[in-house]
Amino acid sequence: MNGQPRNIGVEEEFHLVDLRTRRLTPRAPELLEALPHTGGYVEELQRCVIEVNSAVFSRLSSLRDDLREHRAVLADTARELGIGVVAAGAMPLAVPTELQVTGNPRYRQMLADYQLLAREQLICGTQVHVDVADRDQAVQVAWRLSPHVPTLLALSASSPFWADGTDTGYASSRTLVWQRWPTTGPFLRLDSAAHYDAEIQRLIDTGVITDPGMVYYDVRPSARQPTLELRVCDSCPSVDTVALVAGLFRALVQHEITAMAHGEPGVEVSPTIYRAALWQAARSGLEADLVDMVAAKPRPAEDMVRELASMLRPELESCGDWETVTELIDQAIGVGSSSARQRRALRRRGHLSDVVDSLLTETAGAAPPPPTVADPANPMLHSYNTRHDNPQPDLYDEVFDADGRVRGAYRGVIDTLTTLGPVTLRNRQHHMESEQSAGGMTFRVSGQNRAQIFSLDAVPRIIEADTWERVSKGLRQRALALNAFLLDVYGDQEIISEGVIPPEILDRAPGYRSAGNAPRWQRVRTHICGTDLVSTGPGEFCVLEDNLRVPSGVAYAISNRALMTRFLGEIRCPDEILPVDTMPQMIAETLGAARPPRGDPNGAIVVLSAGWEDSAWFEHTMIAERAGLAVVDTGDLRGDGNRIVARIHGKDVPLSVIYARMDEDMLLSSTGSDGAPLRHPFLRALGAGTLAIANALGNGIADDKAVYAFVPAMIRYYLGEEPAIDQIPTWLCAERDQRDHVLSRLDEMVVKPIDGLGGSGVMIGPEATEQELVERRKDLIGHPERFVAQDVVRLSTHPAFDGQGLYPHHVDLRAFVHLRADGDGNVSAHMAPAALTRVAPSGSMIVNSSRGGGGKDTWILSGSSRDHACPQTPTERR
1 MNGQPRNIGV EEEFHLVDLR TRRLTPRAPE LLEALPHTGG YVEELQRCVI EVNSAVFSRL
61 SSLRDDLREH RAVLADTARE LGIGVVAAGA MPLAVPTELQ VTGNPRYRQM LADYQLLARE
121 QLICGTQVHV DVADRDQAVQ VAWRLSPHVP TLLALSASSP FWADGTDTGY ASSRTLVWQR
181 WPTTGPFLRL DSAAHYDAEI QRLIDTGVIT DPGMVYYDVR PSARQPTLEL RVCDSCPSVD
241 TVALVAGLFR ALVQHEITAM AHGEPGVEVS PTIYRAALWQ AARSGLEADL VDMVAAKPRP
301 AEDMVRELAS MLRPELESCG DWETVTELID QAIGVGSSSA RQRRALRRRG HLSDVVDSLL
361 TETAGAAPPP PTVADPANPM LHSYNTRHDN PQPDLYDEVF DADGRVRGAY RGVIDTLTTL
421 GPVTLRNRQH HMESEQSAGG MTFRVSGQNR AQIFSLDAVP RIIEADTWER VSKGLRQRAL
481 ALNAFLLDVY GDQEIISEGV IPPEILDRAP GYRSAGNAPR WQRVRTHICG TDLVSTGPGE
541 FCVLEDNLRV PSGVAYAISN RALMTRFLGE IRCPDEILPV DTMPQMIAET LGAARPPRGD
601 PNGAIVVLSA GWEDSAWFEH TMIAERAGLA VVDTGDLRGD GNRIVARIHG KDVPLSVIYA
661 RMDEDMLLSS TGSDGAPLRH PFLRALGAGT LAIANALGNG IADDKAVYAF VPAMIRYYLG
721 EEPAIDQIPT WLCAERDQRD HVLSRLDEMV VKPIDGLGGS GVMIGPEATE QELVERRKDL
781 IGHPERFVAQ DVVRLSTHPA FDGQGLYPHH VDLRAFVHLR ADGDGNVSAH MAPAALTRVA
841 PSGSMIVNSS RGGGGKDTWI LSGSSRDHAC PQTPTERR
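Just so you know, full-length UniProt numbering puts 702 at position 702 of the sequence shown, and the rest follows in order with no gaps.
Structure, rendered in structure tokens:
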């Protein structure tokens, strides 16, 4: 090439997205008609895809500028039509049956010939062309590039999700789809273009393909031009990634041409090892090891990328690309692959539409944002403002003080995380998520059809022993009072008759059910209580809400500890930490204590689940397995006189206790194995004292947000004690004067439906839009009895690793209290040694598993005693 840099060009494929629905849209013909006809914009197989061809350049900087200009024209033109443009290997939102193959004869023939492959070709790639002397040289060089092709794929990986929203577990699911075509894979070792053309003609003669354009080797010579083409890469949302791949590929081609000229042999790679290496790059991207094909060993992706660049330094310097490429490598390693960024976007907000939005923004030209570093000496700490520029100076962070200094208990943790660094932590996070996916450790986010990983953050949360002692006292007290309230409200209702709670509270409460009257003999109705707490200052917690129906979370707490120990063992747990692996046995003992007075002495205890589609199915199966219980669904049950029997392992077994992990309405409206409705058999068995259900039917009244306002009064009434833990002052909008107060401060308050679950229907005034405020005002005027309001609580923040460093996220804590009755009917409260810390999505104050976010390993420290069983508590009033 006479010492001049070889010319390069790029073909990019773009998905078209409806900006209203964020789904793929087959409007390429319409968009192509609106685009400049001489701009290199062409149709593709699918009508939801457009290809853009760059001009040819010798300077990498000129290519980058051209790619940006083409994207700008494409995005601006598309936006006017209500279309978004995304460069990614695959998209997470599509309805494949609504998509269409482009109607030209070649593509129609491909659809006829390849059927499923053509219909599911909802993928986009990036192709890089490099000039060579002639097609003979292209053929001779192509096979020599094989050892480094998987590394280039890893850099481009951008397709973690498939069209139905499923997280595939791969960084490049596009590669899996692409490899189904019969002409993909490594290039053959051939010595001339004539030999190559003859081989392709033989392939055409088989009838498997119809023309040379259907040869899709990972690297291939052009059919008509003296260029070598890289075809293996995903479409990349970042232009910088495209430029990096293009710069490396050009240098690699030049490197091998020079080596050939010097008579150096190419590196022979086993087709088997090549396929394994490509698969590994598609599996993990930059977030785990790649395969060194020469050594046939796994090696860190960062090392593979940097060593490739080092090997190519002479060629990169001769092209003037060395500084640019090394800068782009630092950036790529720093922010991780696009697939990792997409998963982080999902974890931050919990919805696939947020993934699409992030891709739209990046494709349009916004580079992945650099971290905001609070402390230059520690680049892991992001967005932690000092006292002087903190916009919320009263916000309490549990790990860093107002000056950004690490609080004492966390010094070892933060030092270890800083030493590991973001690249290692991303690698560990990748392996943890793979383990979670394989183990089914998922949760269903509101509005999503598919469950997603309940991601574990790398920073554990520490609860000091004295703080836990105070929290435990308050929660045991609270659990006993709420249990007494349920016994009373489904009994003599003395708390109502004595005017402690107004009777209209029951009239308005959706959770007050006739089914709650059935187990009159039970002294315990709230066998396992889940209480949500928030921290507002050092060692300070208050109760956010009570969960007395089907509180979930303990299995996630157990799994979080196991994952941290396995994948982040460098973070040493303190010796005095309470063990979480005792929890299944504790649950078994609590359920054993719930056996009914007239139950079968050999009656079984089972976990009743709605099945694998339930958002907490992982927890149901884990608890059952470790507690030695069977999992059943309503289709396994039937009534037998005054008993309920279940079909377990092919035998009919009478039941004594059902640990109900499903909605009460679903349970009572289901039909059993004999086709008969289960409602009356359940109520009959409960009334006869042959069956206990934990937690009891009708407990929803105690979860009611309006009833929550009266829990301190319950503690005084039933226990004769002052509340040992605070809760949030609450306004009942059903009361005219309280509603008017809420309306006057609507933009400052949190308004909640009285029966809301999973954070649904919650409006946080300071975060609400004008339209949301208008709608909620209408709700309060038209149906005030459905809502309560509270002041905004400044939930504490806790650092969460977000791919690049530590960012503050709001957190809450779900703690568990078990109640058991002895033979004399005295009820005791036992504090569980495990609690679940949940992390809010970025920018949100709503902390709930069903709203996205994730969890943390929670280290509860004990005092001098390792005994976490709580002593007998005072007997309640009734």
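Cβ atoms here follow ideal geometry from the backbone N, Cα and C, with glycine treated the same way. Note that the structure is predicted; figures quoted are calculated from it, not measured.
{"Asked": "Skipping 5 residues on each side, what residues in its chain have a beta carbon closer than 6 Å to that of A630?", "Found": "V606, I648"}
{"Asked": "What beta strand (DSSP E) runs, 3 residues minimum, are completely inside the segment 400–485?", "Found": "461–463"}
{"Asked": "Suppose you measure from the CA of I329 to the CA of A78; what does that come to, to the nearest Å?", "Found": "31 Å"}
{"Asked": "Could you please give the first and the last residue of the uninterrupted beta strand (DSSP E) stretch that includes Q179?", "Found": "Note, Q179: premise wrong, no beta strand (DSSP E); not H, not E."}
{"Asked": "How far does the alpha helix (DSSP H) with M749 in it extend, from its first residue to its last?", "Found": "No alpha helix (DSSP H) contains M749, which is instead part of the beta strand (DSSP E) from 749–753."}
{"Asked": "Where T797 and D857 are concerned, what is the direct C-alpha to C-alpha distance, given to the nearest angstrom?", "Found": "15 Å"}
{"Asked": "Within a Cβ cutoff of 8 Å, which residues of the same chain sit near V486, ignoring the five residues on either side of it in sequence?", "Found": "Note on identity: in this sequence residue 486 is Leu, with Val being the wrong assignment. Around L486: G516, R525, T526, L548, A696, G698, N699, I701, A702."}
{"Asked": "Strictly by DSSP, which residues pair up with H798?", "Found": "H809"}
{"Asked": "Nearest-angstrom Cα distance between P391 and V471?", "Found": "Per-residue confidence for P391 stands at a pLDDT of 46, beneath the threshold of 50, marking its modelled position as unreliable; no derived number is given."}
{"Asked": "Based on the DSSP output, what are the partners of Q585 in its beta bridges?", "Found": "Partner(s): none; Q585 has no beta bridge."}
{"Asked": "Quick one: is N602 buried, meaning 16 or more other Cβ sit within 10 Å of its Cβ, or exposed?", "Found": "exposed"}
{"Asked": "Is it true that the segment 277–289 meets the segment 336–354, where meeting means three or more beta-carbon pairs spaced less than 8 Å apart?", "Found": "yes"}
{"Asked": "What is the DSSP secondary structure of P766, counted as helix, strand or coil?", "Found": "helix"}
{"Asked": "Taking C-alpha atoms, which residue in P160, Y717, Y170 lies nearest to A484?", "Found": "Y717"}
{"Asked": "Would you list, in sequence order, the uninterrupted alpha helix (DSSP H) runs of no fewer than 4 residues that lie entirely inside the segment 307–353?", "Found": "313–319, 322–335, 338–349"}
{"Asked": "Suppose only complete runs of 3+ residues qualify. What are the beta strand (DSSP E) ranges in the segment 492–537, listed by chain order?", "Found": "528–537"}
{"Asked": "Under a Cβ-count criterion, where at least 16 other Cβ atoms within 10 Å of its own Cβ denotes burial, should E721 be classed as buried or exposed?", "Found": "exposed"}
{"Asked": "Taking C-beta to C-beta, are A295 and T531 nearer than 8 Å?", "Found": "no"}
{"Asked": "Say whether the segment 177–196 touches the segment 235–255, bearing in mind that this needs 3 or more beta-carbon pairs closer than 8 Å, one atom from each stretch.", "Found": "no"}
{"Asked": "Report yes if the CB atom of V325 is closer than 8 Å to the CB atom of A309, and no otherwise.", "Found": "yes"}
{"Asked": "Leaving out five residues on either side along the sequence, give the residues of the same chain with a beta carbon under 7 Å from the beta carbon of H388.", "Found": "At H388, the pLDDT of 35 sits below 50, so the modelled position is not reliable; the number obtained from the coordinates is stated separately. None."}
{"Asked": "At what residues does the beta strand (DSSP E) containing D54 begin and finish?", "Found": "In the sequence as displayed, the identity of residue 54 is Ser instead of Asp. Unbroken run through S54: none, as it is neither H nor E."}
{"Asked": "If A94 and L74 are in contact, beta carbons under 8 Å, what's the gap, nearest whole angstrom?", "Found": "Their Cβ separation, rounded to whole angstroms, is 20 Å, which puts A94 and L74 out of contact at 8 Å."}
{"Asked": "May I have the straight-line CA-CA distance separating E199 from S62, to the nearest angstrom?", "Found": "37 Å"}
{"Asked": "Among the candidates G263, H70, P160, whose CA atom is the shortest distance from the CA of E141?", "Found": "Here residue 141 is Val; the residue named in the question, Glu, does not match the sequence. When only C-alpha atoms are compared, the closest one is G263."}
{"Asked": "Is R6 helix, strand or coil by DSSP?", "Found": "coil"}
{"Asked": "Could you please give the first and the last residue of the uninterrupted beta strand (DSSP E) stretch that includes Q127?", "Found": "125–131"}
{"Asked": "Of the choices Q46, V52, E44, A832, whose alpha-carbon is the least far from that of T38?", "Found": "V52"}
{"Asked": "With hydrogens ignored, establish whether the beta-carbon of D640 is closer than 7 Å to any heavy atom of the ligand SAM.", "Found": "You won't find the ligand SAM in this model; it holds no ligand whatsoever."}
{"Asked": "Helix, strand or coil for S656 per DSSP?", "Found": "strand"}
{"Asked": "Could you tell me how far apart the beta carbons of I501 and A724 are, in whole angstroms, since I believe they sit closer than 8 Å?", "Found": "Wrong, their Cβ atoms sit about 21 Å apart, outside the cutoff."}
{"Asked": "Here's the rule: buried if 16 or more other CB atoms are within 10 angstroms of the residue's CB, otherwise exposed. What is M293?", "Found": "buried"}
{"Asked": "For E619, collect the residues of the same chain with a Cβ closer than 6 Å to its Cβ; drop the 5 residues on either side in sequence, then sort them by chain order.", "Found": "S552, A555"}
{"Asked": "In whole angstroms, give me the CA-to-CA distance for Q331 and I587.", "Found": "49 Å"}
{"Asked": "Give the straight-line distance between the Cα atoms of V423 and G599, rounded to the nearest whole angstrom.", "Found": "57 Å"}
{"Asked": "Would D633 pass as a contact of G650 if the rule is Cβ separation under 8 Å?", "Found": "no"}
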